[in-house]
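Following: one structure in structure tokens, then a few remarks.
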Amino acid sequence: MKATRPSAWFSRVRLSLNGDAGHVLLLFGLCLLLVVPELGGDALRNALRYERAAVGGGEWWRLVTAHLVHLDLRHTLFNMLGLVLMWVLFARDFALWRWIAVIGVSMATVDAGLWFCDRSIQWYVGASGVLHGVMVAGTVAHLRRRDRDGWLLAGFVLVKLAWEQLNGALPLALPADEVVVSAHLYGAVGGLLAGLGLRSRREPL
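The working numbering applies: residue 59 is where the sequence shown begins, and numbers increase by one.
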């Protein structure tokens with residue numbers, strides 16, 4: 059039995075993750091960015107999280123790094139799983155640089171929402187708000203192409219967001235009182251703006 063060449067293995071992974079080489083490398087890079095901060099423990103987490111007083115004092119980097127740190131390893135792995143799922147569903151819908159733009163816009167709307175609309179929230183960590191932006195941008199691309207699953211995805215997103223705003227977090231991986239559901243809404247707004255403003259591929263790769 060012949061050994062599988064590294065290039066063949068990478069091709070299989072690339073196809074299973076629904077993207078070209080650039081998309082897969084971005085996915086692996088994002089996963090690393092989520093995992094590495096866990097190695098620093100609470101000290102690094104506290105230095106990187108969104109902290110209203112610290113941001114007001116000029117520590118602007120927290121507006122970016124807050125989306126890369128998590129409450130604990132379980133929280134990190136749960137969001138990594140969500141990232142991989144989003145990639146499998148949507149990676150081919152936008153060119154690589156457009157996905158980077160989607161992520162950036164979603165980060166910005168989460169930050170703006172927390173700063174201007176949720177003044178009572180003193181600190182925040184996690185990638186879930188940005189992941190909701192990715193999900194909404196991908197859904198917009200599916201609707202534009204009139205894919206069969208477009209309206210199903212849109213319905214799921216709307217029901218999920220409405221449930222969270224009315225009833226609080228879904229009973230999944232984290233205790234409900236640890237989930238900032240408004241961040242999901244702010245991220246979804248960013249994904250909608252980016253999805254409408256960026257040209258998606260007429261046909262997936």
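Beta carbons are placed, not taken as given, at the ideal position from N, Cα and C, and that holds for glycine.
- Annotation: the continuous alpha helix (DSSP H) that includes Ala199 extends over 186 to 202.
- Between Val160 and Val183, the beta carbon gap of about 21 Å keeps them out of contact (Cβ cut-off 8 Å).
- Excluding sequence positions up to five before and after Arg177, its CB lies within less than 8 Å of the CB of Arg110, all in the same chain and listed in chain order.
- Ala241 is positioned such that its CB atom lies closer than 8 Å to that of Gly187.
- Between the C-alpha atoms of Phe136 and Trp119 there is a straight-line separation of about 24 Å.
- Rounded to whole angstroms, the separation of the alpha carbons of Asn104 and Arg150 is 35 Å.
- In the DSSP annotation of this structure, the continuous segment of the alpha helix (DSSP H) that includes Gly249 starts and ends at 239 to 255.
- Using a C-beta cut-off of 8 Å, the region 161 to 171 makes contact with the region 243 to 253, since at least three inter-stretch Cβ pairs fall below that distance.
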